[in-house]
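There are 2 protein chains.
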Amino acid sequence: MRTGLTPAEALRALLEVTPVMGAETLASRDALGRVLVEPVVSTRCLPPADNSAMDGYAVRAADVAHASPTTPVDLEVAFEVAAGAAGEGSLRPGEAARILTGAPLPRGADAVVRQEDAERAGDRVAVRIAPRPRENVRGAGEDVRVGEEVLGAGTLLGPAHLGMLASLGRSTVSVHQRPRVAVLSSGDELVEPDGEIAGGRIVSSNSYSISAQCRELGAEPVYLGIARDTPEDLERRVRSGLRADVLVSSAGVSVGDRDYVRPVLEKLGCTWDFWGVRIKPGYPFAFGRCDEDGGPLVFALPGNPVSAMVTFEQFVRPALRKMTGHTAWFRPLIAVRLGERLDKKAGRLHFVRVRLERRGGEVVARPTGSQSSGVLRSMTEAQGLLLFPADATELREGDTATVQVLDAAFLASPDPGF
Amino acid sequence: MRTGLTPAEALRALLEVTPVMGAETLASRDALGRVLVEPVVSTRCLPPADNSAMDGYAVRAADVAHASPTTPVDLEVAFEVAAGAAGEGSLRPGEAARILTGAPLPRGADAVVRQEDAERAGDRVAVRIAPRPRENVRGAGEDVRVGEEVLGAGTLLGPAHLGMLASLGRSTVSVHQRPRVAVLSSGDELVEPDGEIAGGRIVSSNSYSISAQCRELGAEPVYLGIARDTPEDLERRVRSGLRADVLVSSAGVSVGDRDYVRPVLEKLGCTWDFWGVRIKPGYPFAFGRCDEDGGPLVFALPGNPVSAMVTFEQFVRPALRKMTGHTAWFRPLIAVRLGERLDKKAGRLHFVRVRLERRGGEVVARPTGSQSSGVLRSMTEAQGLLLFPADATELREGDTATVQVLDAAFLASPDPGF
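Chains as they are written, first to last, in this note's numbering: chain A, 1 to 418; chain B, 1 to 418.
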C-alpha cells in the first residue's frame with residue numbers, strides 16, 4: 001500500500017478506478033438533475049405542423065402582394081382556426097382565415113398577417129401589408145426533425161430538458177443511477193444527537209455532515225450508525241454496507257490502539273490503494289476497494305469533523321460526481337487576496353477555511369478563526385477553502401492565492417444585471 | 001394597472017410585495033438547503049470537556065518540565081483513558097495516563113504528550129519532550145460556549161451546519177417553509193406528453209419546465225393540469241390553486257380572442273400590479289395578487305416555451321428565493337465577449353440564449369441558433385442569458401456584454417486547484 005501521497009496523486013489514483021454508475025429508467029419528470037446515459041433521438045418533428053406565430057389572419061401571400069397602408073386589400077374571412085383545431089378548412093383565392101397563435105395553418109394559406117396589420121369589418125378583413133411567403137409561420141420541424149439527436153449522452157437534465165422531453169412525448173428516460181453511500185461512524189466516545197454527553201462523550205456529527213454532503217450531490221446516504229470500538233461490532237456494521245456502491249467511514253483509520261477499521265475492512269475483502277495524503281487537515285485518509293467481490297469503493301476519512309468534511313470534499317465528492325455521470329467534478333476556483341498573514345511548516349498542502357469579501361473588483365479571504373481540525377465551527381463559517389501550497393511556509397497579507405468556493409451564494413450576483 | 005414597465009421596474013414592484021414564508025419546525029437532518037428563521041443558541045459547550053487532541057499520554061506538565069530527547073523523564077502509566085470513558089481516574093505526581101484522541105483529560109493532568117514523543121516500556125513511559133501546559137488539550141467550550149449564538153437567523157443550512165446542529169444536540173430546527181406553487185397551463189391546443197398531437201395539437205411542455213424550475217429552487221410545484229379555453233374550466237382549475245402561495249400560469253394573457261386568464265383571475269379576486277414588460281422574449285408577462293383574501297401571488301407567464309422559462313427566471317425565481325428566506329436572489333453574472341454580431345430594434349431588453357466558451361482568460365458567448373421564443377431547443381443548449389440592453393441596436397463581434405449564468409457546471413473548475 002502506498003502512503004504519503006500528494007493530493008494530486010491521491011485524487012488521480014482514486015478517480016482512475018472509480019466507475020460510472022449503470023443506467024436506470026425514470027419517469028422524465030423525476031429526472032431533474034440526472035445525467036443522460038444515451039442520446040435522446042426524436043421520433044417527432046417539432047412543431048408537428050406549420051402553425052401561426054401570431055394572432056391574426058392566415059392568407060395566400062400572392063393575394064395581398066400589393067397591399068399597403070394606403071392600398072389595403074380586402075379579403076373574405078372564410079372561417080376561423082383556433083389553436084389545436086383539427087385544421088379542416090381550406091383557403092381559396094380571395095379568402096383569409098382568422099387564426100390564433102399556435103393554430104395549424106389551413107391548407108392554401110402560406111403566410112399570416114398580424115391582427116395589428118389588418119382591419120376586420122364583419123366577415124371581411126382589410127389587409128394593410130404585403131407579407132413575405134411564410135411570414136409569421138412556424139414551419140413543421142423547424143425546431144426538431146424526426147430522427148434528430150436532440151439531447152446528447154451525458155446531458156445534465158435541467159428544466160429546459162424536461163420541457164423538451166415532454167414536447168417529444170418521452171415520458172421515460174434512461175439516466176445514470178444515483179450511488180448509494182453507506183456512512184459509518186466509529187468510536188466508543190460517540191453518541192447520537194439525543195444521547196448523553198457526560199463523561200467525555202460527544203455527538204457523532206460526522207454522519208450528519210457526511211450524509212448531507214452526499215445528498216447535496218444527489219447521492220443516497222445509508223447511515224449504518226455508530227460502531228463501537230470492537231472488531232465484532234465494526235464487522236457487523238460494515239457487512240451491512242457491503243452492498244452499497246460506496247462505503248464512507250470516519251475515524252478509526254489512524255495509529256490509535258483501537259483503530260480497527262482497516263483490519264476489519266481487509267478481512268471483508270478490501271484492498272487498500274493508499275493511506276495518508278500530504279494535506280492538512282486530513283492526513284490519515286485511506287482509499288480502497290472491495291470490488292473483487294463487486295463490493296463498494298471504500299473511503300476511510302479521519303475522525304475529526306473538519307478533516308472528515310475536507311477529505312470528503314477533496315476526494316469523495318469528485319468520485320461521486322464521476323459515478324453519477326457528471327463531467328464537472330470540481331468546485332469553482334477563484335483568485336483571492338489574503339486579508340491576513342498565514343504561516344505553516346513546509347510539506348503538506350493546507351486547506352484554510354476562509355470567509356470571502358468582495359472589495360473593489362477583488363476578493364479578500366480571511367481565515368474563519370480557529371483552524372483546529374476539531375472545530376467544526378470553522379466549516380460552518382467557511383465560504384471557501386484556500387489552498388496554502390505544500391512547499392510554501394508563509395502567505396503574507398496582500399499575497400494572492402486560490403480558493404475553492406463552497407458557498408454558491410457567494411457567486412450569486414447582488415442584482416440581475418439590468 | 002401599469003403597463004410597459006422596464007424589467008427593473010417590474011422586478012422592484014413584485015419583490016416589494018413578495019412576502020417571506022413563515023416558519024416550520026423540521027428534523028435537523030431534513031433541513032439541508034433550508035434557511036434558519038431564528039438564531040441557534042447553544043445550550044452546551046463544545047467540546048463538552050477538556051479532551052486529548054492526540055493519541056499519547058496525559059501528564060502533569062510540571063512533572064516533565066525538564067524532559068528532552070537526551071534527558072527523558074520516566075513516569076508510571078497509572079491507568080488508561082479511552083475515548084468516551086467516564087474519566088474516573090485522577091493523576092498523581094509522577095504518573096501518566098495512556099490517552100486516546102478525544103478522550104477526556106483525567107483530573108490532575110494538564111497536558112498531553114504525543115505517543116511519538118514518548119517510549120512505553122511495560123507500565124512505565126519515558127517522556128522525551130517538555131509540553132507546555134494545555135499542549136495537545138482541546139479545552140471545554142473552545143469551539144462553542146453555553147448561551148452563544150452559533151448560527152445566525154438567515155443561515156442557509158449546508159452539511160457543516162447540519163453537523164453543528166447534531167453536535168449541539170439540536171434534533172429539530174425552525175426554518176422558512178417552502179412555497180407551494182400552483183402551476184397552470186391553458187390552451188385548447190395543448191395535450192400531455194402521452195397525448196395525440198395530430199391536428200395542430202402540441203405537448204404542454206411549460207408545466208414540465210416550470211415545475212422543474214420550482215423544484216430546482218426548493219419550491220413545491222402543484223400541477224393543476226391544462227385548462228381548456230373556456231372561462232368555466234379555467235375558473236375551476238384556478239380555484240383549486242388559490243390555497244397555494246404562488247400561482248404561475250402560462251399562456252392566456254395576451255390579446256388573443258380566447259385569453260380568459262386575466263378576467264377569470266380578476267373574478268377570483270386578483271388585482272393586477274402590471275402587465276407587459278419591455279423585454280424579449282416575454283413581453284406579455286403580468287403580476288398580480290389575490291392577497292386580500294390571503295390568496296397567492298399570481299405570475300401570468302407568456303405561453304411560448306422560451307418566453308415562459310425566461311420570465312420565470314427573471315421574475316418568479318427571485319421572488320421564490322426571497323420567499324424561502326434566501327438573501328442571494330440572482331444568478332451569477334459574468335462579462336463575456338461576443339462571438340458573433342447581434343442586431344435588434346431599440347426599445348426592449350433582449351435575453352439572448354448563449355453558449356459559453358473559455359478562451360485565454362476570457363469567455364466568448366455565441367447565440368444558440370434560433371432565438372425564436374417558440375424554440376425550446378435554444379433553452380436546452382443555453383448556458384446563459386446575454387443581456388442585450390434595451391437602447392442598443394447592435395452588438396458587434398468582440399464587444400463585451402453581461403451574461404446571467406444558468407449552467408452551474410460552466411463555473412466548475414476543470415481541476416481542483418492542486
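Ideal Cβ positions, reconstructed from N, Cα and C, are used throughout, including at glycine.
Against chain A, with Cβ distances strictly below 7 angstroms, would B/Glu-9 count as a contact?
no
Of the residues B/Gln-177, B/Ala-126, B/Leu-162, B/Gly-398, which one's Cα is nearest the Cα of B/Tyr-57?
B/Ala-126
On the CB-based measure, 16 or more other CB atoms within 10 Å of its CB, does A/Arg-359 come out buried or exposed?
exposed
Measure the CB-CB distance between B/Val-173 and B/Ser-42 and report whether it falls below 7 angstroms.
no
Residues of chain B with CB under 8 angstroms from A/Asp-194, in chain order?
Gly-169, Ser-171
Would you identify the three-state DSSP class for B/Glu-340, choosing helix, strand or coil?
coil
Buried or exposed, going by whether 16 or more other CB atoms sit within 10 Å of the CB of B/Lys-280?
buried
Which residue from A/Arg-337, A/Gly-294, A/Ser-186 puts its Cα closest to that of A/Met-21?
A/Gly-294
Would you say B/Ile-197 faces chain A, with C-beta separation under 7 angstroms as the test?
yes
Beta strand (DSSP E) containing B/Val-261: first to last residue?
Element bounds for B/Val-261: not the beta strand (DSSP E) but the alpha helix (DSSP H), 261–267.
Quick check on A/Phe-418 - is its C-beta less than 7 angstroms from some C-beta in chain B?
yes
Quick one: what does DSSP say B/Thr-327 is sitting in, helix, strand or coil?
coil
Let's test the definition: count the other Cβ atoms within 10 Å of the Cβ of A/Thr-368 and tell me whether it reaches 16, buried, or not, exposed.
buried
Once you ignore the five residues that flank A/Asp-407 on each side, which residues in its own chain have a CB closer than 6 angstroms to its CB?
Gln-383
Can you list, in chain order, the residues of its chain whose CB lies under 6 angstroms from that of B/Glu-80, leaving out five sequence neighbours each side?
Arg-98
Between which two residues does the alpha helix (DSSP H) carrying B/Val-17 extend?
7–17
Span separating the alpha-carbon of A/Val-255 from that of B/Arg-317:
At A/Val-255 the pLDDT is 49, less than 50, meaning the model places this residue with poor confidence; the figure from the coordinates comes in the next sentence. Computed Cα separation, rounded: 51 angstroms.
Using Cβ-Cβ distances below 7 angstroms, what residues of the segment 92–116 of chain B are close to chain A?
Leu-100, Thr-101, Gly-102, Ala-103, Pro-104
With a cut-off of 8 angstroms, do at least 3 Cβ pairs link the segment 293–309 of chain A to the segment 234–252 of chain A?
yes
Considering only C-alpha positions, which residue in the set B/Arg-331, B/Arg-321, B/Glu-235, B/Thr-18 is nearest to B/Lys-267?
B/Glu-235
DSSP-derived helix/strand/coil call for B/Ala-166
helix
Tell me whether A/Val-255 sits in a helix, a strand or coil according to DSSP, three-state version.
Caution is warranted here: a pLDDT of 49 is assigned to A/Val-255, below 50, making its placement in the model unreliable, and the coordinate value is therefore given only provisionally. Here A/Val-255 sits in coil by DSSP.
In DSSP terms, what A/Asn-51 is bridged to:
A/Pro-104, A/Arg-138
Residue(s) in a DSSP beta bridge with A/Phe-299:
A/Val-248, A/Phe-287
Closest by C-alpha distance to A/Cys-214, when choosing among A/Leu-242, A/Val-183, A/Gly-195
A/Val-183
Taking the beta strand (DSSP E) that B/Pro-221 falls in, what are its first and last residues?
220–227
How many Å lie between A/Arg-93 and A/Thr-101 at the Cα?
Looking at the sequence itself, residue 93 of chain A is Pro, so the reference to Arg does not match. Straight-line Cα distance between these residues: approximately 23 angstroms.
Per DSSP, cross-strand counterpart(s) of A/Val-149
This sequence places Glu at residue 149 of chain A; Val is not what is there. In the DSSP output, where bridge partners are listed per residue, A/Glu-149 has A/Val-41.
Taking only beta-carbon atoms, is A/Pro-332 less than 7 angstroms away from chain B?
yes
Near-chain B residues of the segment 129–159 of chain A - C-beta to any C-beta below 9 angstroms
Arg-138, Glu-142, Asp-143, Val-144, Val-150, Leu-151, Thr-155, Leu-156, Leu-157, Gly-158, Pro-159
Here's the rule: buried if 16 or more other CB atoms are within 10 angstroms of the residue's CB, otherwise exposed. What is A/Gly-139?
exposed
B/Thr-402 versus chain A: which residues are under 7 angstroms apart at the beta carbon?
Gly-417
In chain A, what lies closer than 9 angstroms to B/Ser-90 by C-beta?
In chain order: nothing, as chain A lies at least about 14 angstroms away.
Within chain C, partners of A/Ser-209 - CB distance below 7 angstroms
Any reference to chain C falls outside this structure, whose protein chains are A and B.
Beta carbon of B/Ala-308 nearer than 7 angstroms to that of B/Val-336
no
Taking 7 angstroms as the threshold (C-beta atoms), are A/Ser-185 and B/Ala-166 in contact?
no
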